[in-house]
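Peer 1: Chains as they are written, first to last, in the working numbering: chain A, 148 to 429; chain B, 118 to 293. All C-beta atoms, glycine included, are put in the ideal place defined by N, C-alpha and C.
Structure, rendered in structure tokens:
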């Protein structure tokens, strides 16, 4: 076996990125959740460059999936935009914390966050009926409720939103995590919307997809200036993920909420274990 | 983190349990909702039409941005391989690690990006394409501000304006 040349690297990483884009846009995670471990564990790229590439993949997933989602009307733009108040604020604070924390603690933190998210989602795997009444004052004032057409169930599903305050708190943490780890923090955003705010799972996934791009953009400037966005890594990641994300966005309409949740849980458990191992047994 | 399991517990405004299907009092308004008063069917239809236009606009902005960034990134990669034929073989002496290690040079400021583009360096072109990609969500939020104003929804327009301000601020703080 010869050395892996730059061309091998670009081609193989682009192919993996297509898969990451499909998965990321399906479950609302943004592909960063695949890209960071692939780059660090498989290609042995420095964690800080991996995080820079991941920020790019997150934006690619979000923008690639969004055109399809918005057209399919699954994204709750109002709720997403409202919650962005907390995530962008968290992301800006997090981007300045990242230089203070050593890489190992980042791995452990990442692993624990994902383990908790998978647990929270698994507990709700059989919940499908959305809320029909909400007395959350903030949600009512801004009218963050909505409805979406579910192609799998072939009907329009109206839903109400609750728990805006815990939702905002979790979204602030999600923004911090996003900036610290370069993941879209969909791992936290999806459970926050699904479990705490009772948005339907597919709406949570689609809305998370919308939000992660905005959150990632809030820390992208810092990463660029710090030299963490390496073009030879970013190019195949951006192109591959963009392609994959448009495919994943189309798949989301056709599968059931339970399927989306279970795929989400499996992905989180696997990656959480990998990250914990990396942090605890270097 | 326990708040996640009790949406009603920590929220002053409280929450309700699922009541099952049946109660769909405002189903007709659907996702075009956002008004704090009931609209007449004619108004609702007009609003629906406005919202649809906004969605089409947002989706167009995204697709143009995404296509443009992919084209620029691909052109940059092509340039890079054209200038460095040693990178090209599937089996060769140059490892990718030379390009992904901590010390590898690539533009990471507006000034160095400008120099790199002026020289026709592939890596600079890739970075420019990535930059376009990074700007798509920002542009999307900006379109959001305009669209909420267009829908005459001041509270949401202010919310979106705040998000836009934080985004722009994050780039200014970073010194871009």
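1) Among 347/A, 241/A, 272/A, which one has its Cα closest to the Cα of residue 369/A?
2) Flag this pair as touching only if the region 344-354 of chain A and the region 303-311 of chain A have three or more C-beta atom pairs under 8 Å; answer yes or no.
3) For residue 199/A, I'd like the list of residues in its chain whose CB is within less than 6 Å of its CB, leaving aside the five on either flank, ordered along the chain.
4) Taking the beta carbon of residue 257/B as the centre, do at least 16 other beta carbons fall within 10 Å, making it buried, or is it exposed?
5) Once DSSP output is grouped into helix, strand and coil, what is the label at residue 305/A?
6) Using three-state DSSP, classify residue 157/B as helix, strand or coil.
7) So which residues of chain A does residue 164/B contact, with C-beta pairs closer than 7 Å?
8) Considering only C-alpha positions, which residue in the set 227/A, 262/A, 154/A, 212/A is nearest to residue 424/A?
9) Which residues, taken in chain order from the region 233-249 of chain A, show a beta carbon closer than 8 Å to some beta carbon of chain B?
10) Say whether the region 408-420 of chain A touches the region 185-192 of chain A, bearing in mind that this needs 3 or more beta-carbon pairs closer than 8 Å, one atom from each stretch.
11) With residue 284/B and residue 262/B assumed to form a contact (beta carbons below 8 Å), what rounded beta-carbon distance in angstroms separates them?
12) Mark residue 293/A as exposed unless 16 or more other C-beta atoms lie within 10 angstroms of its C-beta, in which case mark it buried.
13) Can you name the residues of chain A whose CB is closer than 8 Å to the CB of residue 284/B?
14) Helix, strand or coil, according to DSSP, for residue 377/A in the structure here?
15) Listed in chain order, which residues of the region 240-253 of chain B have Cβ atoms closer than 9 Å to some Cβ of chain A?
16) Could you check which residue in 165/A, 416/A, 159/A, 171/A has the C-alpha nearest to that of residue 358/A?
17) Does the beta carbon of residue 396/A come closer than 8 Å to any beta carbon on chain B?
18) Kindly indicate which three-state DSSP category residue 190/A falls into: helix, strand or coil?
19) Taking all protein chains shown into account, do 16 or more other C-beta atoms lie within 10 angstroms of the C-beta of residue 381/A, making it buried, or fewer, making it exposed?
20) In its own chain, which residues sit with a C-beta less than 6 Å from the C-beta of residue 323/A, not counting the 5 before and 5 after it?
21) Which word fits residue 273/A, buried or exposed, when buried means at least 16 other C-beta atoms lie within 10 angstroms of its C-beta?
22) Helix, strand or coil: which one does DSSP assign to residue 296/A?
23) Are residue 395/A and residue 173/A close, meaning C-beta to C-beta below 8 Å?
24) By a C-beta neighbour count over all protein chains shown, 10 Å radius and 16 as the cutoff for buried, is residue 148/B buried or exposed?
25) In chain B, what lies closer than 8 Å to residue 301/A by C-beta?
26) Quick check on residue 151/A: does DSSP put it in helix, strand or coil?
27) Going along chain B in order, which residues have a C-beta closer than 8 Å to the C-beta of residue 209/A?
28) Give, in chain order, every residue of the region 265-281 of chain B whose Cβ lies closer than 7 Å to some Cβ of chain A.
29) Starting from residue 368/A, find everything on chain B with Cβ-Cβ shorter than 7 Å and list it in chain order.
30) Residue 217/B and residue 157/A look like a contact to me (Cβ under 8 Å); what is the Cβ gap, rounded to whole Å?
31) For chain B, find out if any of its Cβ atoms is closer than 8 Å to the Cβ of residue 382/A; answer yes or no.
32) Cα separation between residue 173/B and residue 332/A?
33) So what's residue 310/A in DSSP terms, helix, strand or just coil?
34) Which same chain residues, not among the five before or five after residue 229/A, have their C-beta less than 7 Å away from its C-beta?
35) Measuring CA to CA, which of 302/A, 299/A, 259/A is closest to residue 419/A?
36) Would you mind sorting residue 269/B into buried or exposed? The rule is 16 or more other CB atoms within 10 Å of its CB.
Peer 2: So, from the listed chains and residues:
1) The sequence position of residue 369/A within the first chain is 222, counting from 1. Cα-wise, what sits closest to residue 369/A is 241/A.
2) yes
3) Counted from its first residue, the first chain places residue 199/A at position 52. Around residue 199/A: 370, 375, 376.
4) Walking along the second chain from the start, residue 257/B turns up at place 140. With 16 or more Cβ atoms within 10 Å of its Cβ, residue 257/B is classed as buried.
5) Walking along the first chain from the start, residue 305/A turns up at place 158. Residue state, collapsed to three classes: strand.
6) Taking the second chain and counting its residues from 1, the one referred to as residue 157/B is at position 40. Reduced to three states, the DSSP call for residue 157/B is coil.
7) Stepping through the second chain from its first residue, residue 164/B is reached at position 47. Taking a Cβ-Cβ threshold of 7 Å, none of the residues of chain A is close to residue 164/B; the smallest such distance is about 12 Å.
8) If you number the first chain from 1, residue 424/A lands on position 277. Nearest C-alpha to residue 424/A among 227/A, 262/A, 154/A, 212/A: 262/A.
9) 235, 236, 238, 239, 242
10) no
11) Against the second chain, residue 284/B aligns to sequence position 167. Against the second chain, residue 262/B aligns to sequence position 145. That pair is no contact at about 11 Å.
12) The count along the first chain starts at 1 and reaches residue 293/A at position 146. The residue is buried, with at least 16 neighbouring Cβ atoms inside 10 Å.
13) Within the second chain, numbered from 1, the residue matching residue 284/B stands at position 167. 235, 361, 364, 365, listed in chain order.
14) Position 230 of the first chain, counted from the start, is the residue given in the question as residue 377/A. Reduced to three states, the DSSP call for residue 377/A is coil.
15) 240, 241, 242, 243, 244, 246, 247, 248, 250, 251, 252, 253
16) Along the first chain, read from residue 1 onward, the residue named residue 358/A stands at position 211. Looking at the Cα atoms, 171/A is the closest of the given residues.
17) Counted from its first residue, the first chain places residue 396/A at position 249. It does not: the Cβ of residue 396/A has no partner Cβ on chain B nearer than 8 Å.
18) Numbered from 1 along the first chain, position 43 holds the residue referred to as residue 190/A. Taken through DSSP and simplified to helix, strand or coil, residue 190/A comes out as coil.
19) As a first step, residue 381/A is located in the first chain; it is residue number 234 there, counting from the start. Flag for residue 381/A reads buried.
20) Translated into the one-based positions of the first chain, residue 323/A becomes position 176. The answer, listed in chain order, is 237, 241.
21) Taking the first chain and counting its residues from 1, one reaches residue 273/A at position 126. So residue 273/A ends up on the exposed side.
22) Stepping through the first chain from its first residue, residue 296/A is reached at position 149. Strand at residue 296/A.
23) Position 248 of the first chain, counted from the first residue, corresponds to residue 395/A. Position 26 of the first chain, counted from the first residue, corresponds to residue 173/A. Yes, these two residues count as a Cβ contact at 8 Å.
24) Residue numbering aside, residue 148/B sits at position 31 when the second chain is read from its first letter. Any reading at residue 148/B is ruled out, since the residue's pLDDT is 38, under 50, leaving its predicted position unreliable.
25) Here the question's residue 301/A lines up with position 154 in the first chain. None at all; the shortest Cβ gap to chain B is about 15 Å.
26) For the purposes of this step, residue 151/A is taken as residue 4 along the first chain, with counting starting at 1. In the structure shown, residue 151/A sits in a strand (DSSP, three-state: E or B).
27) Walking along the first chain from the start, residue 209/A turns up at place 62. Going along chain B in sequence order, the residues near residue 209/A (Cβ under 8 Å) are 254.
28) Per Cβ criterion, the list reads 272, 273, 276, 277, 279, 280.
29) Here the question's residue 368/A lines up with position 221 in the first chain. Here the neighbours are 287, 288, 291, 293.
30) Within the second chain, numbered from 1, the residue matching residue 217/B stands at position 100. Within the first chain, numbered from 1, the residue matching residue 157/A stands at position 10. Not quite, the Cβ-Cβ distance comes to about 11 Å (not below 8 Å), so this is no contact.
31) Taking the first residue of the first chain as position 1, residue 382/A is located at position 235. So yes, residue 382/A belongs to the interface.
32) Your numbering for residue 173/B matches position 56 in the second chain. Your numbering for residue 332/A matches position 185 in the first chain. Cα-Cα distance, rounded: 27 Å.
33) Within the first chain, the letter at position 163 stands for residue 310/A. Correct three-state label for residue 310/A: coil.
34) If you number the first chain from 1, residue 229/A lands on position 82. Cβ within range, chain order: 289, 291.
35) In the first chain, counting from the first residue as 1, residue 419/A sits at position 272. For the residues 302/A, 299/A, 259/A, the minimum Cα distance to residue 419/A belongs to 259/A.
36) One-based indexing of the second chain puts residue 269/B at position 152. Burial call: exposed.
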